[in-house]
Amino acid sequence: MDTLVLWENDQFIISSPKNPHLPYSEGVHVIISPKRKVANAWEDIDLSQATFKLASQVCRIMAKLDIAPWFNIQANGNWGLLPGSTPFFHVHVYGRNKTASWGKPLVLPEAPNTYHNEPVPEAGRVELMNAFEARLEK
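Counting in my numbering, the sequence shown runs from 2 upward without gaps.
What follows is the structure in structure tokens.
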């Protein structure tokens, strides 16, 4: 997945896809990827815990910025089913906009290249980058 880096330290990269799973009118799509690659969350419980803790911090920051009032945090199996891909544990954070239908589940696209959504606008990315830099531990 082609992404734009929003923040990183020695353990994690937080990025936003250039072609997010949902349109910006519905919310913001952020990916939290550990730099140490494991196939799934249960291979390393401590890494999994740290990743979900960081995801929770990302949600709090986006809520404080009034980017989104509610969130979906998902690790969707990360199966690596696409040709040339291998499974690796990562977490998706979907900040859902106030205009999104409350209670309506996020509908993920069927497959890559079957959808096109614009990335978070540059001003929004800069706002997130600055907030993550100020509030997350390096």
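Beta carbons: idealized from backbone N, C-alpha and C, even for Gly.
The structure presented is a predicted model; accordingly, all values stated were derived computationally and were not measured.
Run the CB neighbour count on residue i, radius 10 Å, all protein chains shown included, and call it buried at 16 or more, exposed below.
i	result
methionine 2	exposed
serine 16	buried
threonine 87	exposed
threonine 100	exposed
glutamate 27	buried
From the DSSP output, in three-state form, read off residue i for me.
i	result
proline 26	A small correction: the amino acid at residue 26 is serine; proline does not occupy that position in the sequence shown. Serine 26: coil per DSSP, three-state reduction.
glycine 125	helix
tryptophan 43	helix
glutamate 134	helix
From which residue to which residue does the alpha helix (DSSP H) around residue i run?
i	result
phenylalanine 53	46–65
Since residue i is in the beta strand (DSSP E), which residue starts that stretch and which ends it?
i	result
threonine 100	Per DSSP, threonine 100 belongs to no beta strand (DSSP E) and is neither H nor E.
valine 6	4–9
serine 16	13–18
Measuring CB to CB, does residue i end up less than 7 Å from residue j?
i	j	result
isoleucine 32	histidine 93	yes
glycine 96	valine 29	yes
Residues bridged to residue i by DSSP?
i	result
glutamine 75	His93
valine 31	Val94
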